[in-house]
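First comes the structure, then the notes that go with it.
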Amino acid sequence: MTSTPSAVTTATSGQSTPGQSTTTAEPLPALQALTYTEIAAGLPFPTMISARPADGALFFITKDGQVWEFAEAAPEPVMDISDLVVNRGEQGLLGMAWHPTDASRLFLHYSDVNGDTTIVEYTDLDAAQSRMLLSVDQPAANHNGGTIEFGPDGFLWIALGDGGGAGDTFQTGQTTDDLLAGLLRIDVDGDPYGVPADNPYVNGGGAPEVWATGLRNPWRVSFDEGLVYIGDVGQGAYEEINVASASEPALNYGWNLTEGLHCYDPPQGCDTAGLTLPVVEVAHSDSGTCSITGGVVYRGTAIPELDGHYFYSDYCGGWLRSFLFDGSAATGLADWTEQVGLPGGVASFGADAAGEIYVLTNERILRIDPVR
Numbered sequence: 072m073t074s075t076p077s078a079v080t081t082a083t084s085g086q087s088t089p090g091q092s093t094t095t096a097e098p099l100p101a102l103q104a105l106t107y108t109e110i111a112a113g114l115p116f117p118t119m120i121s122a123r124p125a126d127g128a129l130f131f132i133t134k135d136g137q138v139w140e141f142a143e144a145a146p147e148p149v150m151d152i153s154d155l156v157v158n159r160g161e162q163g164l165l166g167m168a169w170h171p172t173d174a175s176r177l178f179l180h181y182s183d184v185n186g187d188t189t190i191v192e193y194t195d196l197d198a199a200q201s202r203m204l205l206s207v208d209q210p211a212a213n214h215n216g217g218t219i220e221f222g223p224d225g226f227l228w229i230a231l232g233d234g235g236g237a238g239d240t241f242q243t244g245q246t247t248d249d250l251l252a253g254l255l256r257i258d259v260d261g262d263p264y265g266v267p268a269d270n271p272y273v274n275g276g277g278a279p280e281v282w283a284t285g286l287r288n289p290w291r292v293s294f295d296e297g298l299v300y301i302g303d304v305g306q307g308a309y310e311e312i313n314v315a316s317a318s319e320p321a322l323n324y325g326w327n328l329t330e331g332l333h334c335y336d337p338p339q340g341c342d343t344a345g346l347t348l349p350v351v352e353v354a355h356s357d358s359g360t361c362s363i364t365g366g367v368v369y370r371g372t373a374i375p376e377l378d379g380h381y382f383y384s385d386y387c388g389g390w391l392r393s394f395l396f397d398g399s400a401a402t403g404l405a406d407w408t409e410q411v412g413l414p415g416g417v418a419s420f421g422a423d424a425a426g427e428i429y430v431l432t433n434e435r436i437l438r439i440d441p442v443r
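For the sequence shown, the working numbering begins at 72 and goes up steadily by one.
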């Protein structure tokens, strides 16, 4: 159950240190509510937004195969690979990740013209300077996953769904010997990539790239302070958010034994021993929910009262909620939907270099801002 936020805390934007003479910022007025500011509109379905670590420049991708940069006046396309991308249904240009130390290296996750997952590195935002890292056969057009993200370990994490269909048609959820239905973890400096020595199946028992299994369609995955947050899209009844240590290998998130906190196959009496169950479950009967959109943890300065809170949504429900993970459970669940009133279904989240949160809908990019 979530509460409607009623913030009364007064925050400060500065700190004083005992024994030192410092200038302390005036306390911020109490947080009254959250709102949004429209940053861009009329876009061809933005799917991911990311700040380049080297300089903080903000980029986003659109499902049709374009990479955009926020210029001074308006966002501008800076690279176009649309001729390589199939853009239909759940397929398209789905994920992006900047190399954490080399500003010239951009990694993209897209559906190629055959519908297969493709991970490619580009240099200097030049479509002609590309290097294929990985191609994964997709037996159906849905459940492609979508996120690629450099983890706190410096390796590239790739989120892939179960191959599509319904009910784990291809029986990939509880297997470790294929690359579907889980999280992959690779070293981008290999040829074409390397496998980290501490991946759980590097010496056998599964595909060496596999880090975790049991995910149906992990559309959006993010990291914060050594934790991995996973929004995994459910089948027909429940959506889920999983949180786990990013350094713990071989976790099994349950699909298709479970959907959310409930048994799926079998529908009763499933053995959940050894599974990593979600910290948040959302029923499809809750506010039109049907497809969870995993989000990001807030680390900005405009809303210090919400530092460490994870924001997430649902593509069909369009609501906006948050929680604080205390190390074992989701606490302080809050529903901001009525206050913020997001226009349209939420497709993705991201953050700028300052840690402020952005929300992507079918054609808009919005920033979450405080009302004081």
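Using N, Cα and C, we set each Cβ at its ideal position, and we do this for glycine too.
Note that the structure is predicted; figures quoted are calculated from it, not measured.
Candidates the options: closest to residue i by CA position
i	options	result
E109	D126, V411, G426	V411
P148	Q137, N158, D154	Q137
Y415	E427, L431, W139, F130	Residue identity check: residue 415 is Gly in the sequence provided, not Tyr. Minimum Cα distance to G415 is reached at L431.
L346	G325, P223, D187	G325
E409	L332, I374, W390, I439	W390
I436	L99, T118, E97	T118
I132	N323, P124, F116	F116
H355	Y181, Q306, G398	Q306
G113	N433, G398, D440	N433
W139	L196, A373, S182, I428	L196
L251	M203, I312, D187, G261	D187
V273	T360, A400, V292, T247	T247
A418	V304, Q339, N323	V304
I428	Y386, G379, A405, G398	G379
Q162	S201, Q209, L204, G398	Q209
Y107	I374, G403, A400	I374
N158	D135, H170, M150, C341	D135
L298	V350, V156, S384, D357	V350
D224	G234, L204, V266, C334	V266
G261	R202, E220, A278	R202
D258	G235, I219, D233	I219
Pair within 8 Å by beta-carbon distance, residue i and residue j
i	j	result
V314	L105	no
G222	A122	no
L164	L177	no
T364	G302	yes
G253	A283	yes
A230	G217	yes
P452	A321	Because the chain here runs from 72 to 443, residue 452 falls outside it and cannot be looked at.
Y309	E280	no
G426	R392	no
L332	Q245	no
R291	F420	yes
D423	V368	no
D385	T360	yes
A101	A174	no
Span of the alpha helix (DSSP H) around residue i
i	result
E409	408-411
Extent of the continuous beta strand (DSSP E) to which residue i belongs
i	result
Y429	428-432
S175	Per DSSP, S175 belongs to no beta strand (DSSP E) and is neither H nor E.
R202	197-207
Y193	188-194
V368	363-368
F140	For the sequence presented, residue 140 should be read as Glu rather than Phe. Counting along the chain, the beta strand (DSSP E) containing E140 begins and ends at 137-141.
G302	298-303
Counterpart residues of residue i in DSSP-defined beta bridges
i	result
W228	E220, R256
C334	T329
T284	G253, N323
G277	Per DSSP, none; premise fails for G277.
Three-way DSSP call (helix, strand, coil) for residue i in this model
i	result
D239	coil
L114	coil
D440	strand
Q86	The pLDDT assigned to Q86 is 43, lower than 50, so where the model puts this residue is not dependable; a value taken from the coordinates is nonetheless given after this. In this structure, Q86 counts as coil in the three-state DSSP scheme.
R435	coil
E376	helix
S153	helix
S92	Annotation note: pLDDT 44 at S92 (below 50); position unreliable, no value reported.
W290	strand
N313	strand
H170	coil
A400	coil
E109	strand
A424	coil
M72	Model confidence at M72 stands at a pLDDT of 48, short of 50, so the residue's coordinates are unreliable; what they give is reported in the following sentence. In this structure, M72 counts as coil in the three-state DSSP scheme.
8 Å Cβ cutoff, residue i in contact with chain B
i	result
I120	Among the chains of the structure shown, chain B does not appear; only one protein chain is present.
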